[in-house]
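Undergrad: Structure in structure tokens, see below.
There are 2 protein chains.
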Amino acid sequence: MTKHQADLSLLFHALSDPTRRSILTRLAEGPARVTDLSEPTGYSLPTVMRHLAVLEEAGLIASAKDGRVRTCAIVPEAFKPVRTWLDEQRLIWERRLDRFEAMALKAMKEKDE
Amino acid sequence: MTKHQADLSLLFHALSDPTRRSILTRLAEGPARVTDLSEPTGYSLPTVMRHLAVLEEAGLIASAKDGRVRTCAIVPEAFKPVRTWLDEQRLIWERRLDRFEAMALKAMKEKDE
DNA sequence: TTGATGCTTAGTCATATTGCTAACTATCAC
DNA sequence: GTGATAGTTAGCAATATGACTAAGCATCAA
Numbered sequence: 001m002t003k004h005q006a007d008l009s010l011l012f013h014a015l016s017d018p019t020r021r022s023i024l025t026r027l028a029e030g031p032a033r034v035t036d037l038s039e040p041t042g043y044s045l046p047t048v049m050r051h052l053a054v055l056e057e058a059g060l061i062a063s064a065k066d067g068r069v070r071t072c073a074i075v076p077e078a079f080k081p082v083r084t085w086l087d088e089q090r091l092i093w094e095r096r097l098d099r100f101e102a103m104a105l106k107a108m109k110e111k112d113e
Numbered sequence: 001m002t003k004h005q006a007d008l009s010l011l012f013h014a015l016s017d018p019t020r021r022s023i024l025t026r027l028a029e030g031p032a033r034v035t036d037l038s039e040p041t042g043y044s045l046p047t048v049m050r051h052l053a054v055l056e057e058a059g060l061i062a063s064a065k066d067g068r069v070r071t072c073a074i075v076p077e078a079f080k081p082v083r084t085w086l087d088e089q090r091l092i093w094e095r096r097l098d099r100f101e102a103m104a105l106k107a108m109k110e111k112d113e
């Protein structure tokens, strides 16, 4: 598996959990401390930490510690490979449809003759 | 968890595996039989079947059996919730940036006075 | 310096995931 | 009907995931 594919897998996997998505949505509003992210979810701190680790490994968030407090922030560019992959799939599919349409048109013309 | 969130989790999870993504890419080119999908991956038929089941549960593909042969096809609309979710996150983040910029502009003006 | 706060680590548990092989069923071609 | 083909089911093993509690460490406030 290429590095790109591995990155995509990490990204999609990170996004596949509803708790992690809710954390991302919260962080889209602005940076937050670990405890701030833990409270609304109702999950224990270690559990949230693990989710944050998954998000950080995927590159979707960045975090830094200042004193006792770790602040997390979203990394908007990190979503790009996901969008790009979706676009690529759509392109392949649309090209196929175009060919299909061209064939249908050709068939109609030949029928006309 | 709402149904929508559950659907999103299924979708992202389905997309998180490189073998499943390669199957989708193949199917974007056009429908294919199970064996056609198995051969290029190098995985056993039962393994591929399982991947197909995951994709079908997520709604990303549809399949039908004719005689002995099961034909699988991509369901392009199924990607839409993923795109929508990404767009929503981006919107939240952009709104935040706008507010931030507005604040900065205001601060600059006040400094001018 | 002592206590509260914020995070981290370690260890456990249940379940899910991803691969396999072996055996089975259903269909098609002779 | 016999054999090859296409898919399916069952069951196994290794690893990953997602939750928890309990205990630890570092920092800040008084």
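If you read the protein sequences in the order shown, they are chains A and B. Residue numbers for the first sequence follow full-length UniProt numbering, so the first one is 1 and each next one is one higher. Residue numbers for the second sequence follow full-length UniProt numbering, so the first one is 1 and each next one is one higher. Each residue gets a CB set at the ideal place from its N, CA and C atoms; glycine is no exception.
Any idea if Ser44/A is buried or exposed, counting beta-carbon neighbours within 10 angstroms, 16 or more meaning buried?
TA: Exposed, since its Cβ has fewer than 16 Cβ neighbours within 10 Å.
Undergrad: Starting from Ala62/A, follow its DSSP beta bridges and name the residues at the other end.
TA: DSSP, once it has assigned bridges, lists Ala73/A as partnering Ala62/A.
Undergrad: Quick one: residues in its chain with C-beta nearer than 8 Å to the C-beta of Pro81/B, no 5 flanking neighbours on either side, listed in chain order?
TA: His4, Asp7, Leu8 and Leu11.
Undergrad: Going along the chain, which unbroken runs of the beta strand (DSSP E) with 3 or more residues stay wholly within the UniProt domain "HTH arsR-type" (1 to 94) of chain A?
TA: Entirely contained in the UniProt domain "HTH arsR-type" (1 to 94) of chain A, the beta strand (DSSP E) runs reaching 3 residues are, in chain order, 61 to 66 and 69 to 74.
Undergrad: In angstroms, rounded to a whole number, what distance separates the CA positions of Glu67/A and Asp87/B?
TA: Correcting the residue type first, residue 67/A is Gly in the shown sequence and not Glu. Cα to Cα, the separation comes out at about 35 Å.
Undergrad: Who are the Cβ neighbours of Leu52/A in its own chain at under 8 Å, not counting the five residues just before and after it?
TA: Only Ile23, Val34, Leu37, Ile61, Ser63 and Cys72 meet the Cβ criterion.
Undergrad: So, at 7 Å on beta carbons, what are the nonlocal neighbours of residue 114/B in its own chain, with the 5 sequence-adjacent residues on each side left out?
TA: Outside the displayed span of chain B (1 to 113) sits residue 114/B, for which this structure offers no information.
Undergrad: Can you pull the chain B neighbours of Met1/A, defined as C-beta to C-beta under 8 Å?
TA: Per Cβ cutoff of 8 Å: Pro18.
Undergrad: Leaving out the 5 sequence neighbours to the left and right, which residues in its chain are closer than 6 Å to Val69/B when beta-carbon positions are compared?
TA: Hits under 6 Å: Arg33.
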